[in-house]
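The structure under discussion appears below in the form of structure tokens.
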Amino acid sequence: MAVPGAVLDAAAGPAGAGAPERIRVLVVDDHVLYRRGLERVLELDDDIVIVGEAADGTEAIARAEELLPDVVLMDVRMPRRGGIEACAAIREVAPSTRILMLTMSEEESDLFSAVQAGANGYLLKDVPGEEIAASLRAVHGGQSLISPSMASHLLAEFAALSRRGATREDAPAVPAPRLTARELEVLRLVARGRSNRDIAGELWISENTVKNHVRNLLEKLQLHSRMEAAMYAVKEKLLDPSP
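Reminder that position 31 of the sequence shown reads as 31 in my numbering, one-by-one numbering, no gaps.
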């Protein structure tokens, strides 16, 4: 089944050999009927097991710390504490857990805030229910996903910020001295949406080497995903004005 979102990340695959273990998912949504329906759909997939549920961000943080799920599937707009605030907190209590936002919100501010909070994906609730399982597998496997309509907003913002940065006379030439020259090359290509395979071909290195460079630069910059890395590259004006 095709993954419904735009793939912006392919830094790592599932670890281990042999048959994969079932993906342990925590479902977070304040609408109980939607949550129940979603759980029923996901439970039909042999690769997924629902280990818990929560009705708001506060409960999600506690459940994530208790259960340490592989993936949290979480709404953005919820009472008490929203999904974006919870996302950042879950990163603290369960750093290995990946987070997929599933929401009705098409607000660009919510998308950008979710990425900055460390979300690994952002899908709209109009995606067919049976395709959500494919998205969970992709996120669990190391990819970052965004609904196509939202991805266009994100890429447009990247382009606008890059153009504005390129015209500033006071823009520093090569910020981020903590990165090696090769890591800067990889970061620039990541920010332009290149896959690991494309980067490997362009730089004449192996895909595994690309993956290592991506992991290293994310660790050095204290970022969680390639989407955050792209935002960093734009903010620090690391992109050349040419495509």
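Ideal placement from N, C-alpha and C gives every residue a C-beta, glycine not left out.
Original post:
If you draw a straight line from the C-alpha of glycine 52 to the C-alpha of threonine 180, how long is it?
Top reply: 42 Å
Original post:
Is alanine 114 closer than 7 Å to isoleucine 84 when the C-beta atoms are compared?
Top reply: yes
Original post:
Smallest Cα separation from alanine 230: which of Ser144, Thr209, Glu106?
Top reply: Per the Cα distances, Ser144.
Original post:
Which first and last residues belong to the beta strand (DSSP E) in which arginine 22 is found?
Top reply: Unbroken run through arginine 22: none, as it is neither H nor E.
Original post:
Per DSSP, leucine 73 forms a beta bridge with which residues?
Top reply: Val27, Leu100
Subject >> Nearest candidate by alpha-carbon position, reference glutamate 60, set Asp45, Val76, Ile48 >> reply: Just to set this straight, residue 60 is alanine in the shown sequence, not glutamate. The shortest C-alpha separation from alanine 60 is found at Val76.
**OP:** Under 8 Å by Cβ, that's how I've got proline 79 and valine 25 pegged, so tell me the actual separation to the nearest angstrom.
**Re:** Not a contact, Cβ separation roughly 22 Å.
Original post:
With burial defined as no fewer than 16 other Cβ atoms inside 10 Å of the residue's Cβ, what is the status of glutamate 183: buried or exposed?
Top reply: buried
Original post:
According to the neighbour-count rule (16 or more other Cβ atoms, all chains shown, within 10 Å of its Cβ), is methionine 227 buried or exposed?
Top reply: Classification for methionine 227: buried.
Original post:
From arginine 81 to glycine 57, what does the alpha carbon distance come to, in whole angstroms?
Top reply: 5 Å
Original post:
What is the rounded straight-line gap between the Cα of leucine 187 and the Cα of leucine 218?
Top reply: 9 Å
**OP:** Provide the residue span of the alpha helix (DSSP H) that contains leucine 230, from first to last.
**Re:** For clarity, residue 230 is alanine in the given sequence; the question names leucine instead. 226-235 is the span of the alpha helix (DSSP H), which, as asked, contains alanine 230.
**OP:** Report all residues from its chain with a CB closer than 6 Å to the CB of methionine 104; omit the five preceding and five following residues, and keep chain order.
**Re:** Lys125
Original post:
With distances taken between CB atoms, is the gap from alanine 119 to cysteine 87 smaller than 7 Å?
Top reply: yes
**OP:** Work out the CA separation of glycine 141 and aspartate 110 for me, nearest whole Å.
**Re:** 24 Å
Original post:
Around the Cβ of glycine 201, are there at least 16 other Cβ atoms within 10 angstroms (buried) or fewer (exposed)?
Top reply: exposed
**OP:** Pick out whichever of Met101, Pro95, Arg197, Val71 has its Cα sitting closest to the Cα of aspartate 47.
**Re:** Answer by Cα proximity: Val71.
**OP:** Given a cut-off of 7 Å, decide if lysine 220 and arginine 178 are closer than it, judged by their beta-carbon atoms.
**Re:** yes
**OP:** Look up glycine 201 in the DSSP assignment and say whether it is helix, strand or coil.
**Re:** Residue state, collapsed to three classes: helix.
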